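Chemist: This is the structure I have questions about; it appears just below.
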Amino acid sequence: MTTITKPWDDVADKNVVLRFIDTNLKGSGQVMFQGNALTGLLFLVGIFWGAIAAYTITVAIGAVVGLVVSTVTGMMLHSDDDSMRIGLYGYNGVLVGAAFPTFLAGGVMLWIYLVVGAAASTIAFLAVANVFKTWGVPALTFPFNLVNWFFLLAAFQFLRIETSDLSAGQFPQHIGDASVHAEITFSFLWDTLFRNVSQIFLINNTVTGIIFVIALLVASRWAALFALIGSAIAMGSVLALGANTVDIGNGLYGLSSVLTAIALGSVFYNPSWRVFVYTVFGVLVTVVIHGTLVSAFAPISLPAGTGPFVFATWLFLLPKKKFVPIQHDTIEGGAAEGKDSIAKANG
Amino acid sequence: MTTITKPWDDVADKNVVLRFIDTNLKGSGQVMFQGNALTGLLFLVGIFWGAIAAYTITVAIGAVVGLVVSTVTGMMLHSDDDSMRIGLYGYNGVLVGAAFPTFLAGGVMLWIYLVVGAAASTIAFLAVANVFKTWGVPALTFPFNLVNWFFLLAAFQFLRIETSDLSAGQFPQHIGDASVHAEITFSFLWDTLFRNVSQIFLINNTVTGIIFVIALLVASRWAALFALIGSAIAMGSVLALGANTVDIGNGLYGLSSVLTAIALGSVFYNPSWRVFVYTVFGVLVTVVIHGTLVSAFAPISLPAGTGPFVFATWLFLLPKKKFVPIQHDTIEGGAAEGKDSIAKANG
Amino acid sequence: MTTITKPWDDVADKNVVLRFIDTNLKGSGQVMFQGNALTGLLFLVGIFWGAIAAYTITVAIGAVVGLVVSTVTGMMLHSDDDSMRIGLYGYNGVLVGAAFPTFLAGGVMLWIYLVVGAAASTIAFLAVANVFKTWGVPALTFPFNLVNWFFLLAAFQFLRIETSDLSAGQFPQHIGDASVHAEITFSFLWDTLFRNVSQIFLINNTVTGIIFVIALLVASRWAALFALIGSAIAMGSVLALGANTVDIGNGLYGLSSVLTAIALGSVFYNPSWRVFVYTVFGVLVTVVIHGTLVSAFAPISLPAGTGPFVFATWLFLLPKKKFVPIQHDTIEGGAAEGKDSIAKANG
Chain D
1 MTTITKPWDD VADKNVVLRF IDTNLKGSGQ VMFQGNALTG LLFLVGIFWG
51 AIAAYTITVA IGAVVGLVVS TVTGMMLHSD DDSMRIGLYG YNGVLVGAAF
101 PTFLAGGVML WIYLVVGAAA STIAFLAVAN VFKTWGVPAL TFPFNLVNWF
151 FLLAAFQFLR IETSDLSAGQ FPQHIGDASV HAEITFSFLW DTLFRNVSQI
201 FLINNTVTGI IFVIALLVAS RWAALFALIG SAIAMGSVLA LGANTVDIGN
251 GLYGLSSVLT AIALGSVFYN PSWRVFVYTV FGVLVTVVIH GTLVSAFAPI
301 SLPAGTGPFV FATWLFLLPK KKFVPIQHDT IEGGAAEGKD SIAKANG
Chain L
1 MTTITKPWDD VADKNVVLRF IDTNLKGSGQ VMFQGNALTG LLFLVGIFWG
51 AIAAYTITVA IGAVVGLVVS TVTGMMLHSD DDSMRIGLYG YNGVLVGAAF
101 PTFLAGGVML WIYLVVGAAA STIAFLAVAN VFKTWGVPAL TFPFNLVNWF
151 FLLAAFQFLR IETSDLSAGQ FPQHIGDASV HAEITFSFLW DTLFRNVSQI
201 FLINNTVTGI IFVIALLVAS RWAALFALIG SAIAMGSVLA LGANTVDIGN
251 GLYGLSSVLT AIALGSVFYN PSWRVFVYTV FGVLVTVVIH GTLVSAFAPI
301 SLPAGTGPFV FATWLFLLPK KKFVPIQHDT IEGGAAEGKD SIAKANG
Chain V
1 MTTITKPWDD VADKNVVLRF IDTNLKGSGQ VMFQGNALTG LLFLVGIFWG
51 AIAAYTITVA IGAVVGLVVS TVTGMMLHSD DDSMRIGLYG YNGVLVGAAF
101 PTFLAGGVML WIYLVVGAAA STIAFLAVAN VFKTWGVPAL TFPFNLVNWF
151 FLLAAFQFLR IETSDLSAGQ FPQHIGDASV HAEITFSFLW DTLFRNVSQI
201 FLINNTVTGI IFVIALLVAS RWAALFALIG SAIAMGSVLA LGANTVDIGN
251 GLYGLSSVLT AIALGSVFYN PSWRVFVYTV FGVLVTVVIH GTLVSAFAPI
301 SLPAGTGPFV FATWLFLLPK KKFVPIQHDT IEGGAAEGKD SIAKANG
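Read top to bottom, the protein sequences are chains D, L and V. FYI, in the UniProt record's numbering the residues of the first sequence are 1 to 347. FYI, in the UniProt record's numbering the residues of the second sequence are 1 to 347. FYI, in the UniProt record's numbering the residues of the third sequence are 1 to 347.
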């Protein structure tokens, strides 16, 4: 597809070790829907840059471990080879691996927990993909979120896993004036634009965001463009609504919107003006759903993750043209019907 | 179908503007499963009556705006024309439009929020209807509830949307004696009987309830009868269980039961004694699920909406006669099987 | 199948009353996937033993009432006869019947509540089984959990049902040192091994657990073996993670794991080394999900029930060999497409 990576692709196909590395890099790239090894490599570069800058190198190491473990799990489960080779068994694991050290602590037991979680993310991917294939819709990063939410919540009950980086439980409160009135400078807007992208891998770093956009450019100009469009629209709408400025500046309100914009605008639909308008609307709904999850998860201390992207994108992929819904009329064959109606139904 | 509306139907079919109005009125009627313009018009009359009486005219205006926006959204998405003409793209939007001004405040931003929510309800309808068509079951008002719950929760995070009419978060507490021991007079029972109906559109008004029953009568005598049966059974059972008398009197415990009764008793099954018994049981379960949602939503300040109706009615529409469930026996083709079993499965 | 029960089977087939008893006993047995009347009878014996020992005979009586009510409901709904005869309409009801008197109180109204809940569990079984049949996956005990969670939560709103045995709502807190450091003696391990089994029917009793294992042995040696394997692995892993020792000793962390082990290791997959490894992994995930539900349900006072088993087993049954997921590529026919694309799609 992309000519830049052609020499590598030729080599990777012939060598078992390189092929394994290639599969893993593509897994990293699939977090933003790009089965491209160079994109995936640049994602990892960006993750290491941001993790080192924040003195949280375990996040980057976790990402690599999670990526490899989930990919190997996919191999051991006799999964479909073609889907394997383009990285579909790795993109949830790399996120699990970045998320656990971000929110949890705990030495050796944490790493065992991470390995189990990354392997479980592949099981979850196969399960969720099977269910949603019924409606021609992909699993997206729901398997990551499922594993992330389940394992983070469970950690409260385990002494050997620490949950100190999860916020304390509280009832949802309406946001106060003070959380909203910060100075909106050019540098704030610039940082937010790219941190909305970097936070997809749980990294809060402008340079990482720029690296990620370049990584997208390598694979697809449309993807890079829609990433920035999604980021800008999310930023504008959430500033207009008046959300927490610290969270906005850290890219938390935009990460899901960036993914929704790439998914709807450049991956699952062919770019067009209609699709552009549909995508913009999808981004607005993603911003709202991020607010939803922040409130809904307040009492149980969970982060929203990429959940808003998943729910919004499913919502916008499921409607079909000329779809005929079930009518408000008699449904035959229900258990409430009498024996006679059985005869009628059979006869 | 109904001869009363025949002259109108003939005119409406020939004029673009009248056809658009007709489609919207039927959308209003479909909240209680009646694709009938006069029913829908009377619903709107009842809403305005109740909203004006309570000095909350924005609820009625919101209902009309939500109705029109969601219908237009359906048109722009190239939806199925026949389903459009009987109002299936409007019944969630009209509820979104009545609900937002009931629970939120906020000037211009609220109305933008409402327009986005109403448009999103049509996307959600197409998505939910697509999923549940798999089992021959309709979307009901789940799209409204989804949008309502999502947008209300999100509003906590937005300074420009006020959530002052949502109750404060709290843990579920067992109801105290004081909340239950009110005087049960004839006027209490009479008001409750009809407020159970009026609250479907978030209106707390006896006259509105009577107008709604008349609106049902215009389209279907069975629907009107089952609405009152559902209301009476809900009232009786919840008084016997000992629930909050203020909530009962305001029609909150009955609104979902009325919808369940109409749906199971007169719309999706053909009326019969078996179906009547099944419907009564469905109403009892609806009452319980209302209690469930009141408790479950206590920590996150959400109203139950018509959620109890949706969950109960799905539960009672999904069982089929002579259905053969998956047995407790070996399932072939699982990812846990070895390569040999692949051979066996394929061979 | 099992020669021990052959004489009984011959008699039961010829007499209406005995056949009804046989159907009910098999319903009891199906809680652990055994359509075997002797297994079911021994389960009931174990329940009565444990309930009498704990002065909570109502739990055992409730179990029998729930079993009979749900089975009769299945008959009245013209359910599939073969599934009926092997007990598939009773296994959720027997659990509902044991659970309600465990967590609720309230005289006559409680028993009416229990009868409604048990009947609703059969409706819920037919509904859930219909939905999950789409992916070739059984309903498991999800219908029980659904009814249990719904009716327990609702009880907070009803004066005539007491919820004094449900814990008070609280935000999830990280477990303290004190809850973990108990003395782990041989007798603690022995008791836990069998209470993990007895708690499946909400009984906290070592002898009951032993009776349950014998009951499994009657029907399937593999089932009995995997029950003990699941129990041991759950115990070991949760002690290593450092969970609440009182809960572990009462069998709460193992009950779902025992069911997962029987289901994956001996029922739905044919025993093999691959399946054994897969099952062990499934048990680990079950233990984590139990922790998840304990945290998630803390604010709303709910018990986890057999929910962790259901979610983990679904997760491990849904992945298929050589499954081809939806690719990250254009999806045709979406509502966002223009009219032209309609033409293209149709042409």
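Ideal placement from N, C-alpha and C gives every residue a C-beta, glycine not left out. Since this is a predicted model, take the numbers as computed values, not measurements.
(1) Using the DSSP secondary-structure output, state which residues sit across from Ala105 (chain V) in a beta bridge.
(2) Below 8 Å on the Cβ atoms is my contact criterion, and I expect Leu42 (chain L) with Val218 (chain L) to pass it. Report the Cβ-Cβ distance as a whole number of Å.
(3) When DSSP labels each residue in this structure, what does Leu284 (chain L) get in the three-state scheme?
(4) Below 8 Å on C-beta distance, what does Gly291 (chain V) contact in chain D?
(5) So Lys320 (chain V) contacts chain D; which residues on that side make the cut at Cβ distance below 8 Å?
(6) State the Cα-Cα distance for the pair Ala298 (chain D) and Ser121 (chain L), rounded to the nearest angstrom.
(7) Hey, would you say Asn130 (chain D) sits closer than 7 Å to Trp314 (chain V), going by beta carbons?
(8) Tell whether a beta-carbon distance below 7 Å holds between Val31 (chain V) and Tyr91 (chain V).
(9) Could you name the residues that DSSP lists as bridge partners for Gly334 (chain D)?
(10) Pull out every residue of the stretch 133-151 of chain D whose Cβ sits closer than 7 Å to any Cβ of chain L, in chain order.
(11) For the stretch 14-33 of chain V against the stretch 244-251 of chain V, are there 3 or more C-beta pairs whose distance is under 8 Å?
(12) Can you list, in chain order, the residues of the stretch 15-29 of chain V whose Cβ is nearer than 7 Å to any Cβ on chain L?
(13) Going by C-alpha distance, which of L:Glu337, L:Pro303, L:Gly338 is nearest residue 373 (chain L)?
(14) For a quick check, are the C-beta atoms of Ile289 (chain L) and Phe311 (chain L) less than 7 Å apart?
(15) Using a Cβ-Cβ cut-off of 7 Å (strictly less than) and excluding sequence neighbours within five positions of Asn148 (chain V), which residues of its own chain qualify?
(16) Consult DSSP for Asn346 (chain V) and reduce its assignment to one of helix, strand or coil.
(17) Using 8 Å for Cβ pairs, my map puts Ala261 (chain V) next to Ile214 (chain V). What's the rounded Cβ distance?
(18) Just list the beta strand (DSSP E) runs in the stretch 28-107 of chain L, keeping only unbroken ones of 3 residues or longer that don't cross its boundaries, in chain order.
(19) Measure from the C-beta of Phe33 (chain V) to each C-beta in chain L and report whether the shortest distance is under 7 Å.
(20) Quick check: is the beta carbon of Tyr278 (chain L) nearer than 7 Å to any beta carbon in chain D?
(21) Taking 7 Å as the cut-off, decide whether the C-beta atoms of residue 382 (chain V) and Ala243 (chain L) are in contact.
(22) Return the chain-ordered list of same chain residues with a C-beta closer than 8 Å to the C-beta of Ile342 (chain D), the five sequence neighbours on each side being excluded.
(23) By how many angstroms is the C-alpha of Ala12 (chain L) removed from the C-alpha of Ser28 (chain L)?
(24) For chain L, is any of its Cβ atoms less than 7 Å away from the one on Asp80 (chain V)?
(25) Please list, in chain order, all residues of the same chain as Asn346 (chain V) whose beta carbon is under 8 Å from its beta carbon, the five residues on each side excluded.
(26) For a contact meaning CB atoms closer than 9 Å, what does Ser83 (chain V) contact in chain L?
(27) Just to confirm my understanding: we take Gly35 (chain L), look at its own chain, exclude 5 residues before and 5 after, and list those with CB closer than 7 Å. What are they?
(28) Would Phe194 (chain L) and Gly209 (chain L) be called neighbours here (beta carbons separated by less than 7 Å)?
(29) Note down, in chain order, each residue of its chain lying with its Cβ closer than 7 Å to the Cβ of Thr245 (chain D), except the 5 sequence neighbours on either side.
(30) Output, in chain order, the set of chain D residues within a Cβ distance shorter than 8 Å of Arg274 (chain L).
(31) Can you tell me the Cα-Cα spacing of Phe144 (chain V) and Ile203 (chain D), whole angstroms?
(32) To which residues of the same chain is Thr5 (chain L) closer than 7 Å at the C-beta, ignoring the five residues directly before and after it?
(33) For Gly106 (chain D), which residues in the same chain have their Cβ closer than 7 Å to its Cβ, ignoring the five residues on either side in sequence?
(34) Using 7 Å as the threshold, is the C-beta distance between Pro308 (chain V) and Ala127 (chain D) below it?
(35) Using CA coordinates, which residue listed in L:Trp222, L:Glu337, L:Gly50, L:Ser167 is at the minimum distance from Leu104 (chain L)?
(36) Which residues of the stretch 88-109 of chain D have a Cβ closer than 7 Å to any Cβ of chain L? Give them in chain order.
Modeler: In short, the structure shows the following:
(1) Its beta-bridge partners are V:Glu162.
(2) Contact holds; Cβ gap of about 7 Å.
(3) Under the three-state reduction of DSSP output, Leu284 (chain L) falls in the helix class.
(4) Leu153, Ala154, Ala155, Phe156, Gln157, Phe158, listed in chain order.
(5) Think of a sphere of 8 Å around the beta carbon of Lys320 (chain V): the chain D residues whose beta carbon falls inside it are Leu126, Asn130, in chain order.
(6) Each residue's alpha carbon lies about 25 Å from the other.
(7) Cβ atoms of Asn130 (chain D) and Trp314 (chain V): not closer than 7 Å.
(8) Going by C-beta atoms, Val31 (chain V) is nearer than 7 Å to Tyr91 (chain V).
(9) The beta-bridge partner set that DSSP reports for Gly334 (chain D) consists of L:Lys320.
(10) For the stretch 133-151 of chain D, which is checked against every Cβ of chain L, the residues closer than 7 Å are Thr134, Trp135.
(11) Verdict: no, contact absent.
(12) Per Cβ criterion, the list is empty.
(13) Nothing about residue 373 (chain L) can be reported from this structure: the residues present for chain L run from 1 to 347 only.
(14) Yes, the Cβ-Cβ distance between Ile289 (chain L) and Phe311 (chain L) is below 7 Å.
(15) Val96, Ala99, Gly305, listed in sequence order.
(16) In this prediction, Asn346 (chain V) scores a pLDDT of 37, lower than 50, which makes its location untrustworthy; no coordinate-derived value is stated.
(17) Ala261 (chain V) to Ile214 (chain V), Cβ: 17 Å. No contact.
(18) DSSP assignment within the stretch 28-107 of chain L yields no whole beta strand (DSSP E) run of 3 residues or more.
(19) Closer than 7 Å: yes.
(20) True, the Cβ-Cβ gap to chain D drops below 7 Å.
(21) Limits of chain V in this structure are 1 at one end and 347 at the other, which puts residue 382 (chain V) out of reach.
(22) Bear in mind that a pLDDT of 43 at Ile342 (chain D), under 50, signals an unreliable position, so the model cannot answer this.
(23) Cα-Cα distance, rounded: 16 Å.
(24) With respect to chain L, the C-beta atom of Asp80 (chain V) has a partner C-beta closer than 7 Å.
(25) Low local confidence applies: a pLDDT of 37 at Asn346 (chain V) is under 50, so the model's placement there is unreliable, and no value is given.
(26) Within chain L, the residues near Ser83 (chain V) are Phe323, Val324, Pro325, Gln327.
(27) Answer for Gly35 (chain L): Lys26, Gly29, Ile86, Gly87, listed in chain order.
(28) Less than 7 Å separates the beta-carbon of Phe194 (chain L) from that of Gly209 (chain L).
(29) By the criterion of a C-beta distance shorter than 7 Å, Thr245 (chain D) is surrounded in its chain by Ser179, Val180, Ala182, once the five residues flanking it on both sides are discounted.
(30) Under the 8 Å cutoff, chain D gives Ala336, Glu337, Gly338.
(31) Going from the Cα of Phe144 (chain V) to the Cα of Ile203 (chain D) covers about 42 Å.
(32) Taken in chain order, the residues that qualify are Asn36, Ala37, Leu38.
(33) The beta carbon of Gly106 (chain D) sits closer than 7 Å to the beta carbons of Arg160, Ile161, Glu162 from its chain, once the five residues preceding and following it are set aside; these are given in chain order.
(34) With contacts defined by Cβ atoms closer than 7 Å, Pro308 (chain V) and Ala127 (chain D) do not form a contacting pair.
(35) Minimum Cα-Cα distance from Leu104 (chain L) among the listed residues L:Trp222, L:Glu337, L:Gly50, L:Ser167 corresponds to L:Ser167.
(36) For the stretch 88-109 of chain D, which is checked against every Cβ of chain L, not one residue is closer than 7 Å.
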